[in-house]
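A.B. asks:
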Amino acid sequence: MLDWKLILEVIGMLIYATFMGFIFMGIERKAMARIQRRVGPPIYQPIIDTLKLLGKKESVTHGFIYDFGPVFALGASIAALLFIPLAGFRLFSANADLIVVAYLLEVPMLGIMLGAMSSGNPYSAVGVQRGLLTMVAMQLPYGLALIAIIQHWGTFKLNELVSLQQAHGWSILVPALFVAMIVFDIVFQAMLGLEPFDIITAPAEISMGPMVEYGGKHAALLFTQHAVQLFAETAFFVVLFLGGASNLLELLIKQIAVLFIAIFVASIYPRFTIDQAAKFFWKWPTILGIIAVLLTM
Amino acid sequence: MINELLIIIFAPLIAGVIAWALDIKGVREAVGLIGAAIPLAYLAKLYSTVLNEAVNYSVTVSGFTLQFQLNTMSWYFAAVASLVGLAMALGMASTSKSSYDWLFALMSYTGVLGVFLSQDFVGFFLLWEMMTFASFMMVIRRNKHESLKYFVLSVIGAYAMLIAIGILYAKTGALDFATIRQALYIDASLGAISTAETALIFGLFLTAFGVKAGAVPLHVWAPGAYSETDQSYTAFFSGALSKAGAYGFLLLYILMGYKLYAALGTFHGHLTFAYIIAWIGAITVVVAGFLAVLQEDIRKLFAYSSVSQVGYILLAFGLGSSLGFAGGLFHVLSHAVFKGLFWLVTAAIILQTGKTQFKDMGGLAEKMPFTFAMGLIAVLSLAGIPPLAGFASKWLIYEAAISAHMPLVAGAIFLGSGIAFAYVVRFLYAVWFGQRPSDLEDVKEAPLPLLIAMAILAIPNLLFGVAPGIVTKYLNRMLGGDIVGGDYYKLVTPTGTYNALLVTIALTIGLAIAGLVYLYGAKVRKIKVTNTYQSGNPVTEEFNLSIRKNFYRPLAEALEFWLKYSWDRFYERLAGIAEDFADSLRQSFYNGNVQSYSWYLAIVLLILALWGVL
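Line by line, the protein sequences give chains A and B.
The first sequence stops at residue 1429 when you use this note's numbering, and every number in between is there.
The second sequence stops at residue 657 when you use this note's numbering, and every number in between is there.
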C-alpha cells in the first residue's frame, strides 16, 4: 500500500528544493555583486562549486563524529523541508505542526556544531560558541513572533495557517502580526547567517568558524545543506506571513521577495560582535515581540 | 502475607540495612540490587490491576492510621522512581565501595516511594523526612558545608509543611487526603477558612515543595548537594527525588485546588494560585539555565540544568489546563530518564578519569565510545531533538502554554530551550572532543554494570520518543479524559499534531540521502587533531587547541548586570547575620557576671509584681 504519488512528490520536491536552494545562493552572490557594482559570478555558480568539491580526490577526517556532523545536518534539513507545506505539495505537513518544524529547522545547527567541535580546531570552537550564543539570544524574539501568530490564528498546524490566510488575508495585513513579522525578519537574518548577524562564520574574523576544517566532500555536504536550509527557511517565512502559495511559481516569487529583503539588509550593515548581538536581540526585537503578543491576546 | 504495597515501599530499605550490616564485597551489591529491583517488579505486576482499581492498604502505628494507595497517579510516579532507582543501584555497584552509601541511597529510595504512595499526611511527612535525611547523609559524607546548606533549607521546607499540616488539621480535623479534600471542597462554598489563612497554607506548601523541586529562589542547595555525592546516587537524587517536589505541587491541586480557586480567584482569566506556580517555573527555567551555561564544573552544570528542567514541570503544572498536566507529567518521565542518564555518564567519567573540571578533560570520545553514545542520546533528548522523549514532552508543554494564553511564560520556554542547547554543547565539547590532555591517555571504558545502567535509561529515551503515545495513553487514563489524542506514534492536541514515527522516518530518509552523497564522495584519510588549521602555522602537541575555560565569556559579559545579584550570596549573608546575632546574644546574656544574673532575677520579679502575681 505504498503511496507512489506521495513518494514521487517527495523525490521531486527534494530535487527541486535543492536546485532552487543553490539558485538562491547564486542570486544572493549576484545581488551582492550588483550592489557593489561588480558583475559577479553566474547564477548557477554554487552548483559548480559544490560539484567541484565533490570531485576532490581526497578528504580528510578527524573521526566518526566529524563525518557524521554534516550528514546529520543535511538529513535534518531534508526532514524539516518535508514537513513544510510547499504550494500545492503538502507532503508530510499534516503530521507535524509549527513547533516541530521550528525545532527541526534548528537541528542542523547542532549537526554542524557537533562536527565542528570534533575537529578540535580553536577557530571552530569560537564559531560554535558564537553560534550557540546567537541562538540563545535570538530564541526569545523568535518564540514571541511564533506565539503571536499562533495566538492570532488559533492553530499550530501549518496547513491550517495557509488555508486561514487564504480565506482571511495574509498575516502581515494584520497590524499585530506585521509587528511580529518585523521581529521575525530580524531573527531571520540570523537564521540565514547573513550580516549583521553572520557572527557564526565571520570569514574575516575567525576564518569561517565552524566550517574552517571542512573541505572536499564534507564541504559539499555543508553547501547542499545550506541550499536546502535556505529553501526551507524562506518557505517557512512565506507560510507564516505571506499566506503560503497555491503554485510553485507564486511560492518562488514570494521566497525571492523575502530573500531580497534579507540581501539588501545584509549588504549595507556591518557585523555585530556577539555581545552586541545578544544585547540587541534582548532589547528591540523582544520589546516589539511582546507588543505583538499582547496585541494578539 | 505481607501486603504488596509495604513490600514495594520497604524492600529497598530492608535491603539497604542488610547490605550495611553484612558489608561483604559482592554480597552488599547483590542484596542492594535485588532490593532496588523488587519495587519495579511489583509495580510491573500490579500494572493491570491499577488500571482498573486502586490498591489500598492501611496500618495503624502508635495511634496514627497510615494509609497507602497505589492509584494511576502514584503508580506512574513510583514506576519512574523505581526505574531510576534500579539504574542507580547498578551504577553504584561500580562507583560505590562503601556500605554506608548503600544504606542511605536505598533508604532515600524507600522515602521517595513512600511519599508517592502515601494517602495521609502522617505517612507522607514521615517518609518525606526519611527521604530528606537519607539524601542529607549521602551529601554530608563528602562536603559538610554543602550538606548543611541542603539540610537547613530542607528543614525550613519540612517545618513549613508541618505548620501547614497543623493548620489543616486544626481546621478540618483530618489527616488523610480524602477527608481533607472533601472538607476543603465543602469549605470553598462555606468560607469557614478565611482567604488569608488559605493563602498562608498555600504559601507554606509552596515553600515546602519548592525547596525539594529546587524552584528559584529556593534552589541554592541543588548545585552543591547534587555535585558533592556519589554521582550514581545523583542520578536518583535529581532524577527521582526532585520529583517529590513536583508531586507535591500536584497534591496541592488535588487537595486544595477548588478552595484556592474560591479563595484567591482569577487573574486575567487564569487561576491566581496556578499563575504564581507557572511564573515560579518560568523564572526557574531561565535563571537556572543561564547559570548552567556559565559553570566550569561538569557536576555543577548538570545540577543547574536539573533545576532548570524541573522548572519546566512546575511551569506546566502551573498552566492549570489538563494539557498542561499531561505535558508536565510526561516531562517527569522524560526528565527522569535523560537526567538520570546524564548523571550516570558523569559518574562514569569521574570514575574513569577522577576529574570534574572541564579544563582537565577533552577528547574522551575515542576512549569511551559507548559512554559517549549514551551521553549523546541524553544530549539529544534534553535539547529536545525530535524524535526523542525530551522533545515529545516539551512539545506538549509548548502546546499547553500557548493554548493557555500565557505568551510570556511560553516565551520563557523558548528561551530556556535555547539555553539548554548551549549548555549541553558545552558539555559535549569540553569532555568528548578536541585535544586529549596527556594524562588521560590510559582511560578505559566504564565498567559493565554502569554501562547496563546507562542502557536501561537510554532505552526509554528512544522508545518513548518514537512512540510517545504509550505514555500519553496512560496519562489520558490517569487524568480521566481524552486529553492527548492519536495513536502510539502520533500525538494530537486540539490545535496541533506531532507524528513521532513519521519524523523518525523523515529523518532517516534525510540521513540516507546525505549518507549517499557522503559515500559518493572521495575516500577519507584520518588525520590527528593537532594536524589542523592554525592560521597556516604548524601545531605541535604542546599547543592547547581546545577552549577549556570560560567558554561562554561573552554571555557572562552580556549578563554582567544580572550576575551581580546572587541568591547564594544572599543566603550566605543571611546565615552570617544569624550567626553573629546568636554570638552577640550569647556574649551579652551569659557574660559570667554574677551581678547581671541577679539583675535578671530582679527584672523577672518586677514583671511578676507588675502583673499582680506577687
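C-beta atoms are modelled at their ideal positions from N, C-alpha and C, and glycine is treated no differently.
If you check the beta carbons only, do A/Val-1344 and A/Leu-1206 fall under 8 Å apart?
C.D. replies: Against a cut-off of 8 Å, the Cβ pair of A/Leu-1206 and A/Val-1344 comes out as no contact.
A.B. asks: Roughly how many whole angstroms lie between the Cα atoms of B/Ala-278 and B/Ala-84?
C.D. replies: Approximately 20 Å between the Cα atoms of the pair.
A.B. asks: For the alpha helix (DSSP H) that contains B/Tyr-296, what are its first and last residues?
C.D. replies: From DSSP, the alpha helix (DSSP H) with B/Tyr-296 extends over 286-307.
A.B. asks: Keeping to the same chain, check which residues put their C-beta closer than 6 Å to that of A/Glu-1141; ignore five residues upstream and five downstream.
C.D. replies: Counting only Cβ-Cβ distances below 6 Å, and skipping sequence neighbours, we find Phe-1221.
A.B. asks: Touching or not, the segment 418-435 of chain B and the segment 544-552 of chain B, by the rule of three or more beta carbon pairs under 8 Å?
C.D. replies: Touching, yes.
A.B. asks: Compute the beta-carbon to beta-carbon distance between A/Thr-1193 and A/Ala-1352, rounded to the nearest angstrom, for a pair I have assumed lies under 8 Å.
C.D. replies: Actually they are not in contact, since the Cβ atoms of A/Thr-1193 and A/Ala-1352 sit about 14 Å apart, beyond 8 Å.
A.B. asks: With distances taken from CA atoms, which of B/Ala-346, B/Ala-465, B/Leu-491 and B/Arg-568 is nearest A/Ser-1191?
C.D. replies: That would be B/Arg-568, whose Cα lies nearest to the Cα of A/Ser-1191.
A.B. asks: In terms of residue numbering, what span does the alpha helix (DSSP H) encompassing B/Asn-587 cover?
C.D. replies: From DSSP, B/Asn-587 is part of no alpha helix (DSSP H); its letter is neither H nor E.
A.B. asks: How about B/Gly-524 and B/Phe-434: are their beta carbons less than 8 Å apart?
C.D. replies: Result no, Cβ atoms of B/Gly-524 and B/Phe-434 do not sit closer than 8 Å.
A.B. asks: In angstroms with no decimal places, state the Cα-to-Cα distance between A/Pro-1417 and B/Ala-242.
C.D. replies: Approximately 38 Å between the Cα atoms of the pair.
A.B. asks: DSSP has A/Leu-1324 in a bridge; who is on the other side?
C.D. replies: Its beta-bridge partners do not exist; DSSP assigns none.
A.B. asks: Can you pull the chain B neighbours of A/Met-1245, defined as C-beta to C-beta under 8 Å?
C.D. replies: By Cβ distance, chain B contributes Val-468.
A.B. asks: Using 8 Å as the limit for Cβ to Cβ distance, is B/Phe-594 near chain A?
C.D. replies: It does: the Cβ of B/Phe-594 has a partner Cβ on chain A nearer than 8 Å.
A.B. asks: For B/Leu-65, count neighbouring C-beta atoms within 10 Å of its own C-beta (all shown protein chains included) and say buried if the count is 16 or more, exposed if not.
C.D. replies: It counts as exposed.
A.B. asks: Would you list the residues sitting across from A/Phe-1369 in a DSSP beta bridge?
C.D. replies: DSSP output for A/Phe-1369 lists no bridge partner at all.
A.B. asks: Leaving out five residues on either side along the sequence, give the residues of the same chain with a beta carbon under 8 Å from the beta carbon of A/Ile-1422.
C.D. replies: If we look at A/Ile-1422 and ignore the five residues flanking it on each side, its Cβ neighbours are Leu-1276.
A.B. asks: How close, in whole Å, do the beta carbons of B/Leu-588 and A/Pro-1254 come, if the pair is a contact with beta carbons under 8 Å?
C.D. replies: That belief holds up - the Cβ atoms of B/Leu-588 and A/Pro-1254 are roughly 5 Å apart, short of 8 Å.
A.B. asks: How many Å lie between B/Leu-362 and B/Val-74 at the Cα?
C.D. replies: Looking at the two C-alpha atoms, the distance is approximately 43 Å.
A.B. asks: Within 8 Å, do at least three Cβ pairs link the segment 352-372 of chain B to the segment 106-114 of chain B?
C.D. replies: The segment 106-114 of chain B, when compared against the segment 352-372 of chain B, does not touch it at the 8 Å Cβ threshold.
A.B. asks: For B/Glu-442, count neighbouring C-beta atoms within 10 Å of its own C-beta (all shown protein chains included) and say buried if the count is 16 or more, exposed if not.
C.D. replies: The residue in question, B/Glu-442, is buried, as its Cβ has 16 or more Cβ neighbours within 10 Å.
A.B. asks: Please classify A/Asp-1135 as buried or exposed, where buried requires at least 16 other C-beta atoms within 10 Å of its C-beta.
C.D. replies: It counts as exposed.
A.B. asks: Can you find a CB in chain B that lies within less than 8 Å of the CB of A/Asn-1253?
C.D. replies: It does; some Cβ of chain B falls within 8 Å.
A.B. asks: List, in chain order, every chain A residue whose beta-carbon is nearer than 9 Å to that of B/His-448.
C.D. replies: The answer, in chain order, is Gln-1283 and Met-1429.
A.B. asks: In chain B, which residues lie with their C-beta within 8 Å of the C-beta of A/Gly-1286?
C.D. replies: Ordered by position in chain B, the residues that pass the 8 Å Cβ test against A/Gly-1286 are Thr-538.
A.B. asks: Closest to B/Val-467 by CA distance: which of B/Ala-346, B/Lys-140, B/Glu-615 and B/Gly-288 is it?
C.D. replies: Looking at the Cα atoms, B/Ala-346 is the closest of the given residues.
A.B. asks: Tell me whether B/Ser-349 sits in a helix, a strand or coil according to DSSP, three-state version.
C.D. replies: DSSP places B/Ser-349 in helix when its eight states are reduced to three.
A.B. asks: Ends of the alpha helix (DSSP H) at B/Leu-170?
C.D. replies: That run of the alpha helix (DSSP H) goes 164-183.
A.B. asks: To which residues does DSSP link B/Ala-95 through a beta bridge?
C.D. replies: Residue identity check: residue 95 of chain B is Asn in the sequence provided, not Ala. B/Asn-95 pairs with nothing; no bridge assigned.
A.B. asks: I want to check one thing, is the minimum distance from the CB of A/Ala-1248 to the heavy atoms of the ligand ADP below 7 Å?
C.D. replies: The ligand content of the structure shown is nil, which means the ligand ADP is not present either.
A.B. asks: Using the Cα positions of B/Met-44 and B/Ile-50, report the straight-line distance between them to the nearest angstrom.
C.D. replies: Caution is warranted here: a pLDDT of 48 is assigned to B/Met-44, below 50, making its placement in the model unreliable, and the coordinate value is therefore given only provisionally. The straight-line gap from Cα to Cα measures roughly 11 Å.
A.B. asks: Grab the span of the beta strand (DSSP E) containing A/Gln-1168 for me, first residue to last.
C.D. replies: Taken as a continuous stretch (DSSP letters only), A/Gln-1168 belongs to no beta strand (DSSP E), as it is neither H nor E.
A.B. asks: Please confirm whether B/Ser-589 has its beta-carbon closer than 8 Å to some beta-carbon of chain A.
C.D. replies: At least one chain A Cβ lies under 8 Å of B/Ser-589.
A.B. asks: Beta carbons nearer than 8 Å to chain B: which residues of the segment 1335-1346 of chain A have them?
C.D. replies: Here the close residues are Ser-1339, Val-1344 and Glu-1345.
A.B. asks: Can you tell me whether A/His-1358 is buried or exposed, with buried defined as 16 or more other CB within 10 angstroms of its CB?
C.D. replies: Burial call: buried.
A.B. asks: Would A/Gln-1298 pass as an interface residue toward chain B - the criterion being a Cβ-Cβ separation below 8 Å?
C.D. replies: Chain B contact via Cβ: absent.
A.B. asks: Taking all protein chains shown into account, decide if B/Asp-485 is buried (16 or more other Cβ within 10 angstroms of its Cβ) or exposed.
C.D. replies: Exposed.
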